[in-house]
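*Asks:* One structure follows; several queries about it will come next.
The structure is reproduced here in structure tokens:
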């Protein structure tokens, strides 16, 4: 029962982050599940089962509020679903112990990417009503983000969202809504891949339902939280959190010299704290500029 409560809290925390950033539900929840010694394939499968419900709720809300570029969604879901299914089958056939450090490295790199992407995020002065995603652009993006999402337990948002935001004049609201809505198809495809490769008996349904409950509870809280904290500050917080947690996994797996471990953690914490301070100062300067205008 205690573990189920912890998993529900993990789902709640992951949904709070995802609801505020439009990404990182899978990365955050999978990272935390791996710290409990759960095999990468089982952790990723549990997260994607839970995401079928959470992404459906999120996508419905985004469509209702007009946050979705439907054409971009249609162009992303087919290659994304193919990539997610292939990634799930690939991960399921890897031995759990041998896969864990590779998945941790992948998640750590995603954490670094999320941190620096939001720390040095460029804002567009003019925003178009559509994303303008072509088929030629959507196929590689969908395949790579979908495959990364299934193998790492997260990656659709951290990869797809920054790539789409990098397009000149793109509305951040449209990008977040489009990525979140299309993620439902990716979660379903990855789940089917895990069912084919792992089978029903490998899935702990109590863990899945705990993650779902936590995510459902967090959804309205995240909507309130996103109004209080700037998105780039939340991005720095979650990016540093993912880096710190996966560094712990790698240090434990690789049996790093205990005398070096405090220096590694100290360096990560100093960089993370400095990034948070920079993000807060950046937001303060931005608010002062708005007031002066």
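Numbering (my numbering), first residue to last: 83 to 375.
Glycine is no exception: its CB is placed at the ideal position from the N, C-alpha and C atoms.
Since residue 161 contacts residue 220 with CB under 8 angstroms, what's their CB separation in whole angstroms?
*Replies:* 6 angstroms
*Asks:* Hey, residue 321 and residue 158: beta-carbon distance below 7 angstroms or not?
*Replies:* no
*Asks:* Just to confirm the assignment, what range does the alpha helix (DSSP H) spanning residue 246 have?
*Replies:* 238-247
*Asks:* Taking just the CA atoms, how far does residue 184 sit from residue 206?
*Replies:* Residue placement at residue 206 is poorly supported in this model, since its pLDDT is 46, which falls under 50; the coordinates are not used for a value here.
*Asks:* Kindly indicate the opening and closing residues of the alpha helix (DSSP H) around residue 133.
*Replies:* 122-146
*Asks:* Are there 16 or more other CB atoms within 10 angstroms of the CB of residue 369, so buried, or fewer, so exposed?
*Replies:* exposed
*Asks:* Does the distance from the CB of residue 296 to the CB of residue 200 come in under 7 angstroms?
*Replies:* no
*Asks:* Let's test the definition: count the other Cβ atoms within 10 Å of the Cβ of residue 244 and tell me whether it reaches 16, buried, or not, exposed.
*Replies:* buried
*Asks:* Between 113, 348, 312, which lies nearest to residue 187 when the distance is taken from Cα to Cα?
*Replies:* 113
*Asks:* If you check the beta carbons only, do residue 155 and residue 288 fall under 7 angstroms apart?
*Replies:* no
*Asks:* Could you spell out the range, first to last residue, of the alpha helix (DSSP H) harbouring residue 163?
*Replies:* 152-174
*Asks:* With C-beta atoms as the reference, is residue 225 less than 7 angstroms away from residue 165?
*Replies:* yes
*Asks:* By how many angstroms is the C-alpha of residue 131 removed from the C-alpha of residue 242?
*Replies:* 20 angstroms
*Asks:* Give me, in chain order, the residues of the same chain whose beta-carbon lies closer than 7 angstroms to that of residue 270; leave out the 5 immediate sequence neighbours on both sides.
*Replies:* The residues are 134.
*Asks:* Could you give the distance in angstroms between the alpha-carbon of residue 359 and the alpha-carbon of residue 333?
*Replies:* Approximately 27 angstroms, taken between the alpha carbons.
*Asks:* Is the CB-CB distance between residue 240 and residue 190 below 7 angstroms?
*Replies:* no
*Asks:* When the Cα of residue 357 is compared with those of 173, 92, 257, 319, which residue comes out closest?
*Replies:* 319
*Asks:* Under three-state DSSP, which class holds residue 206?
*Replies:* Residue placement at residue 206 is poorly supported in this model, since its pLDDT is 46, which falls under 50; the coordinates still yield a value, given next. Coil at residue 206, not helix or strand.
*Asks:* So, helix, strand or coil for residue 336, using DSSP?
*Replies:* coil
*Asks:* On a Cα-Cα basis, can you pick out the residue from 107, 127, 116 that is closest to residue 335?
*Replies:* 116
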